[in-house]
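Data first, discussion second: the structure below is written as structure tokens.
Protein chains in written order, with the numbering used here: chain A, 41 to 142; chain B, -11 to 150.
Have a look at this one:
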């Protein structure tokens, strides 16, 4: 059997890729793609811990389900915001989203 | 055999995740993200969480990826490689991510939990469904409320104002 640490290290690697994407991407859609990677890293951890500890009511899997639902809601609102700003500024690059700066 | 399957899925997941943030084309990046989400679903099947794997494929690959593709089609020009996709803090971001990874691996490596081998009993679908509507009924209802709010918010924000 694989030790639990390997699952945790895998999920940390995916998390760090997501953090790298969030820090460096200019395109708002790729920014959201990186956020999805971060949420999936959290889900891998939750499911792995649920499997290795054997929670009687499946708490880890239930939380992973909630995370998936929240990620869906977040990405829907995020993508609609990107499209709404694109109508206004004709750009999807985060550098151009400076409407609230003065 | 089972170890080999895990390391194969894990390496495929790492490669597709790296590609989804590094390729130049936004559309290709979303396709790599879809592949990496499929590998995450494979990992769920490997961990005896079949229901979550099915949900992952349905919601992520079926729903969210379609949304991403629609958003890319509606906003940016496909195949335009001349625009820079990364900002000026590329190297700084890379160093922060690597440092974060090293620190996290140090923390996990020192923890005795990381060497846990014996897998507990897997949660079957019946237990999952029962606890979802008994113990965790309130958060379940909140999630449905949140999804409704996201739906209404998306319609309000996406509407073209006349």
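Positions of the beta carbon are idealized from the N, C-alpha and C atoms, including for glycine.
Can you pull the chain B neighbours of residue i, defined as C-beta to C-beta under 9 Å?
{"i": "residue 141 of chain A", "result": "Those within 9 Å of residue 141 of chain A in chain B number zero; the least Cβ separation is about 16 Å."}
Who are the near neighbours of residue i in its chain, counting only those whose CB is closer than 8 Å to its CB and skipping five residues on each side?
{"i": "residue 128 of chain B", "result": "120, 121"}
{"i": "residue 107 of chain A", "result": "79, 82, 83, 86"}
{"i": "residue 122 of chain A", "result": "68, 69, 72, 132"}
Strictly below 8 Å CB to CB, what residues from chain A border residue i?
{"i": "residue 133 of chain B", "result": "Within 8 Å Cβ-Cβ: nothing; residue 133 of chain B doesn't reach chain A, min ~10 Å."}
{"i": "residue 60 of chain B", "result": "69"}
{"i": "residue 146 of chain B", "result": "120, 123, 124"}
{"i": "residue 96 of chain B", "result": "45, 48, 49, 52"}
If you check the beta carbons only, do residue i and residue j fall under 8 Å apart?
{"i": "residue 53 of chain B", "j": "residue 22 of chain B", "result": "yes"}
{"i": "residue 85 of chain B", "j": "residue 60 of chain A", "result": "yes"}
{"i": "residue 28 of chain B", "j": "residue 1 of chain B", "result": "yes"}
{"i": "residue 47 of chain B", "j": "residue 112 of chain A", "result": "yes"}
{"i": "residue 81 of chain B", "j": "residue 63 of chain A", "result": "yes"}
{"i": "residue 66 of chain A", "j": "residue 74 of chain B", "result": "yes"}
{"i": "residue -2 of chain B", "j": "residue 44 of chain A", "result": "no"}
{"i": "residue 57 of chain A", "j": "residue 6 of chain B", "result": "yes"}
For residue i, go through chain A and note every residue whose CB falls closer than 7 Å to its CB, in chain order.
{"i": "residue 93 of chain B", "result": "49, 52"}
{"i": "residue 2 of chain B", "result": "53"}
{"i": "residue 5 of chain B", "result": "54, 57, 77"}
{"i": "residue 126 of chain B", "result": "Correct list: empty, because the minimum Cβ distance to chain A is about 12 Å."}
At 8 Å on the CB atoms, spell out the chain B contacts of residue i, in chain order.
{"i": "residue 110 of chain A", "result": "131, 134"}
{"i": "residue 128 of chain A", "result": "Those within 8 Å of residue 128 of chain A in chain B number zero; the least Cβ separation is about 11 Å."}
Please determine whether the Cβ atom of residue i lies at a distance below 7 Å from any heavy atom of the ligand NAD.
{"i": "residue -1 of chain B", "result": "For the structure depicted, the ligand NAD is absent and the ligand set is empty, with no information on it obtainable."}
Could you name the residues of the same chain whose beta carbon sits closer than 6 Å to that of residue i, not counting the 5 residues immediately before and after it, in chain order?
{"i": "residue 118 of chain A", "result": "72"}
{"i": "residue 51 of chain A", "result": "81, 84, 85"}
Just the chain B side, please: which residues come within less than 7 Å of residue i by C-beta, in chain order?
{"i": "residue 97 of chain A", "result": "115, 119, 123"}
{"i": "residue 87 of chain A", "result": "32, 35, 37, 40"}
{"i": "residue 137 of chain A", "result": "Per Cβ cutoff of 7 Å: no residues; residue 137 of chain A is ~12 Å from chain B at best."}
Alpha helix (DSSP H) runs wholly inside the region 75 to 142 of chain A, at least 4 long, in chain order: 99 to 129
Residues of the region 70 to 87 of chain B whose Cβ lies closer than 7 Å to any Cβ of chain A, in chain order: 72, 73, 74, 75, 77, 78, 81, 82, 84, 85
Please name the residues in the region 35 to 60 of chain B whose beta-carbon is closer than 9 Å to at least one beta-carbon of chain A, in chain order. 35, 36, 37, 39, 40, 43, 44, 47, 48, 51, 52, 55, 56, 58, 59, 60
Name the residues in the region 9 to 30 of chain B whose C-beta lies less than 8 Å from a C-beta of chain A; which are they? 9, 14, 17, 18, 21, 24, 25, 28
Report the residue ranges of all alpha helix (DSSP H) runs contained in full by the region 44 to 103 of chain B; include only those spanning at least 4 residues, in chain order. 53 to 63, 78 to 97
For a minimum of 4 consecutive residues, which ranges assigned as the alpha helix (DSSP H) are wholly contained in the region -4 to 51 of chain B? 14 to 34, 38 to 43
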